[in-house]
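In our numbering, the protein residues as written are 5 to 107. In this text, a Cβ means the ideal position worked out from N, Cα and C, and glycines have one as well. A quick write-up on the structure given underneath.
Listed below in structure tokens is the structure:
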């Protein structure tokens, strides 16, 4: 539900997102950022829709937590279970790409 709400909010505020993105691209240009890197920073409407589609696709996936991947009986009354769990965020690199998060 949260991811779908994020997608909905991005589309509902697309004009604000676009205005802020244009300001970021202009600031990057004014700072002398190289053209190819600046182009990666641009977030036109089609790219924003791709971001929203990616977020919604992620929201529609089954919950990966709590899945039992394997069980091994080690002894009477002792069973080893391999189960998926959340370990937190290990690393995020944005590389000046506003569409990288849902990828």
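- Here residue 72 is bridged, per DSSP, to 87.
- Residue 32 sits buried, since 16 or more C-beta atoms from the chains shown fall within 10 Å of its C-beta.
- Contact check between the region 8 to 17 and the region 46 to 62: three or more CB pairs, one atom from each, fall below 8 angstroms, which counts as touching.
- Contact annotation: residue 14 and residue 52 have beta-carbon atoms nearer than 8 angstroms.
- In this chain, the alpha helix (DSSP H) harbouring residue 16 covers 6 to 16.
- Between the region 25 to 42 and the region 65 to 75 there are fewer than three inter-stretch CB-CB distances shorter than 8 angstroms, so the stretches are not counted as touching.
- For residue 49 against residue 18, the beta-carbon gap comes to about 7 angstroms, under 8 angstroms, which counts as contact.
- Judged by DSSP secondary structure, residue 57 falls within the alpha helix (DSSP H) whose first and last residues are 49 to 63.
- The alpha-carbon separation between residue 34 and residue 41 amounts to approximately 13 angstroms.
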